[in-house]
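Heads up, the thing below is written out as structure tokens.
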Amino acid sequence: MQQNSDKAFPNRAPTNGQLLSMFERMLTIRRFEERLGEDFHAGKLPGGVHLYIGQEAVAVGVCAHLDDRDRIASTHRGHGHFIAKGGDPAPMVAEIYGKRDGICGGMGGSMHVADVSKGILGANGIVAGGIPIAAGAALAAQLDGDGRVAVCFFGDGAANEGVLMESMNIAALWQLPLIFVCEHNGFSEFSPSDTVTAGKIRERARPFGLPAELVDGNDIVAVWRAADRAIDRARTGQGPSFIEAATYRIRGHLEAEAHFLSRSYRSEEEVERWRRNDPIDRLSRHLLSSEICSEAEIAAIEARIQNSVEEAAAFAERADLPDADRAPGLMFAGPAPGAA
Amino acid sequence: MARKRLIQAINEALHEEMARDPKVILFGEDVEISMFGDTAGLHDRFGPDRVRNTPISEASLTGMAVGAAAGGYRVVLHMMFANFLYTGFDAIANQMAKLRLMTGGQIELPITIVAGYGGGRSTAAQHSDTPYPLLMNLGGLNVAVPATPRDAKGLMKTAIRGRDPTVFLEAGGRGGESGEVPDEEYLTPFGEAAVGREGTDVTIVAIGSMVRPAMRAAKLLDGQGISAEVLDCRTLVPLDEDGILRSVAKTGRLVVVDEARDRCSAASHIAAVVAERGFGSLAAPIRRLTVPDTAMPYAPVAEKHLLPDREKIVGAVKVLMAGSAP
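These protein sequences, in sequence, are chains A and B. The number in the numbering used here is simply the position in the first sequence, starting from 1, with 3 added. Residue 234 in the numbering used here sits at position 247 of the second sequence; the count goes up by one each step and never skips.
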């Protein structure tokens, strides 16, 4: 681990209340995505979905430190980041249903869920596409000088895009309040990471002088603490950091893949091994064994979330379709000043 | 009114807009020293927060422009040569031109990308492209191509104050050309072609660097009894379709002069618009004068051979006049 030495770094741990609230957030992502998976296979969604199941601790552990003024850029696997950053799941689901009441009016879909008012600049269908956008948001934050930060979430696949190198260089050079969060989930689409990636991804940050650390991405406390350090550095003008979170993509690259892949790219044993390392199960065991909450309280949280999933799905199904001619009018914000 | 060089007019626009609005920031490669002169003095005047040199990292810079604009700033991104837009094209094509639609209109991206374009100076194939057809085709970008110092200043100010991304293309090597620039504050509207010269026999629609040879051709034709009207598009997105159609309705003939390569050029689009909406006005086939589908060569003689010029325009007009009813 590499750290700047000019300031003592916080060595805080999440409070019991924070753990409980993160548990609820993680479970919310899980249950909403399970429902989206079912809805996809039931033919209810017009487009595909890339599910975040198994990676929830990363988004939630990082976003726990952010507020609406901070900005994030996400990936094609973006539902988890959206919910973790405080996005309302109901209009997110309606968006994925392609409805008028979707958060983007049905114009973006699963790969582009965004709520700019919450600092969610959007999921992104271009691998690594969000990285420089977050860097630009970090530049804006630096110019504003009010302590806000930007976070880019990206996968191990994006670590092989050149724009990451460019953006790390600029972020380090200008000491931008930017946190690079690489979610190493084991796969670049259908290619196991070790077949396409040389070396260790976090090592790529070090030549730029970025503090870089590897954390267990399925351990919410480890993610929370690494994010706490990195975000504290960014908020106090000490520049960017890099977190590599080791996790695993339990579901496929996209839900539809079983219909077109001619062979498997991983073993059932491998998936099973990671299922036993589930971040939500780990946290719930910790909550119970540390007597932070009871089985009954967990059941109550579960029931509350199930209820909100049902409500959101009903809302999405009920919602109207967008006007068919909606898109052209959305390309430009308006005529330039002085236009006829 | 004072005579100013085109690059000086752009520089004035940048100074005025940065002074007017503290949210305007400018970055790009070597903008502090300013290779072309358009960003000269800005760093000294407005400081390193608002005007800064960047690494040669186009892929990141175009994406950062999106993020900084989403973060509330009005971004001027200087890309130096238009060919370098290709290096940074992902965020231009996939983010900048689409983010507003993808977010259902949640976002405004006031971004002005500045780049020099075009051939004629032996800068060879990788520094001579005219890429506005690609940009026009993306759908979410305004495209401004000023031909005169007056319009360069006014279009730049309009772009910076706008709510959407604009690519502002400076005709490479023409920065030294001078013209009258009003002393008072003004904006040049997008989507309104300028009538460079009125005429009755043929309409010559010209883009950017092609306006000057078109004006010279019109003058020469005038001496030969042919009255040519010259329209300067000024912006290609939005395009003044009605203005072009009005002129063709009057003259009945159209020549479009474009420095882009022929296939899917801006001229092709303009010709299609007139063929669809103004066919009844046409007394002769539409002629397009473009650059062949060729990379720009280095040797001046080979380069000149490809570029439309006064003689080629005069020749095209004469063929048109000879082949059609008076």
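No residue lacks a Cβ here, since even glycine has one placed at the ideal position from N, Cα and C.
Under DSSP, the beta strand (DSSP E) around Met114(A) begins and ends at which residues?
Under the DSSP assignment, Met114(A) falls outside any beta strand (DSSP E); it carries neither an H nor an E label.
Tell me which residue opens and which closes the beta strand (DSSP E) that Ala181(B) is part of.
Ala181 to Arg184
Is Trp227(A) closer than 8 Å to Ala67(A) when the C-beta atoms are compared?
yes
Name the one or two DSSP bridge partners that Ala131(B) has.
Phe155(B) and Thr222(B)
List the residues that DSSP assigns as beta-bridge partners of His65(B).
Gly15(B) and Val101(B)
Nearest to Glu171(B) by alpha carbon, out of Gly162(B), Val154(B), Arg137(B) and Glu298(B)?
Arg137(B)
Exposure label - Ser293(A); buried when at least 16 CB within 10 Å:
That one is exposed.
How is the alpha helix (DSSP H) around Gly20(A) delimited, first residue to last?
Asn19 to His44
Unbroken alpha helix (DSSP H) run spanning His256(B), endpoints
Ala253 to Arg264
Using the Cα positions of Gly106(B) and Tyr55(A), report the straight-line distance between them to the nearest angstrom.
Rounded to the nearest angstrom, the two C-alpha atoms are 49 Å apart.
What does Asn81(B) touch in chain A if you count any residue whose Cβ is under 7 Å from its own?
Ile129 and Gly132
Mind checking Ala339(A): buried by the 16 CB within 10 Å criterion, or exposed?
The predicted position of Ala339(A) is uncertain, since its pLDDT is 49 and thus under 50; a value taken from the coordinates is nonetheless stated next. Ala339(A) should be labelled buried.
Answer yes or no: does any C-beta atom of chain B fall closer than 8 Å to that of Leu146(A)?
yes
Whose Cβ in chain B lies nearer than 9 Å to the Cβ of Asn172(A)?
Close partners of Asn172(A) in chain B (Cβ separation under 9 Å): Pro42, Ser44 and Ser47.
Ser306(B) versus Val224(B): straight-line alpha-carbon distance, rounded:
Note on identity: in this sequence residue 306(B) is Val, with Ser being the wrong assignment. Taking C-alpha positions only, Val306(B) is separated from Val224(B) by approximately 30 Å.
C-beta atoms of Ile136(A) and Ala230(A) nearer than 8 Å:
Their beta carbons are not under 8 Å apart, which means Ile136(A) does not touch Ala230(A) by this criterion.
Spatial neighbours of Asp36(B) in its chain, beta-carbon cut-off 8 Å, leaving aside the 5 residues before and after:
Ile12
Sequence-distant residues of the same chain with beta carbon closer than 6 Å to Gly19(B), five excluded per side:
According to the sequence displayed, residue 19(B) carries Glu and not Gly. Around Glu19(B): His30 and Asn40.
Tell me whether Ala306(A) is buried or exposed, calling it buried when 16 or more other Cβ atoms sit within 10 Å of its Cβ.
exposed
I want to verify the contact list: residues of chain B whose CB lies under 8 Å from the CB of Pro195(A), in sequence order.
Residues of chain B passing the Cβ test: none, with the nearest at roughly 25 Å.
Leaving out five residues before and five after Arg161(B) in sequence, what residues of the same chain have Cβ atoms less than 7 Å from its Cβ?
Leu(-7) and Ser196
What residues from chain A crowd round Leu86(B), counting only those whose CB sits closer than 9 Å?
His115, Ala117, Leu124, Gly125 and Ile136
Pick out whichever of Ala140(A), Gly20(A), Gly132(A) and His84(A) has its Cα sitting closest to the Cα of Val63(A).
His84(A)
To the nearest whole angstrom, what separates the beta carbons of Ala138(A) and Gly54(B), a pair I think is in contact under 8 Å?
6 Å
Count the other C-beta atoms from every protein chain shown that fall within 10 angstroms of the C-beta of Ile43(B), then say buried if there are 16 or more, exposed otherwise.
exposed
Across the segment 252 to 262 of chain B and the segment 198 to 214 of chain B, are there enough close Cβ pairs to call them in contact, namely three or more that are closer than 8 Å?
no
Mapping DSSP to helix, strand and coil, what is Thr145(B)?
helix
In the DSSP assignment, find the unbroken alpha helix (DSSP H) run with Thr238(B) in it and report its ends.
Glu228 to Thr238
Does Pro340(A) have its Cβ less than 8 Å from a Cβ in chain B?
Per-residue confidence for Pro340(A) stands at a pLDDT of 47, beneath the threshold of 50, marking its modelled position as unreliable; the derived number appears in the next sentence. Output row for Pro340(A): interface = yes.
According to DSSP, is Ala131(A) helix, strand or coil?
DSSP places Ala131(A) in coil when its eight states are reduced to three.
Given Leu181(A) as reference, the closest of Asp197(A), Thr198(A) and Thr239(A) once Cα atoms are compared
Among Asp197(A), Thr198(A) and Thr239(A), the Cα nearest to that of Leu181(A) belongs to Thr239(A).
Looking only at DSSP bridge pairs, what is Glu186(A) linked to?
Gly158(A) and Ala248(A)
Can you give the Cα-Cα distance for Glu179(B) and Lys121(A), rounded to whole angstroms?
Straight-line Cα distance between these residues: approximately 38 Å.
Between Glu290(B), Ile257(B), Ala289(B) and Ala56(B), which lies nearest to Met123(B) when the distance is taken from Cα to Cα?
Ile257(B)
Quick check on the burial criterion: 16 or more other C-beta atoms within 10 angstroms. Buried or exposed for Asp159(A)?
By the 10 Å Cβ count, Asp159(A) comes out buried.
Burial state of Phe68(B), where buried means 16 or more other Cβ atoms lie within 10 Å:
By the 10 Å Cβ count, Phe68(B) comes out buried.
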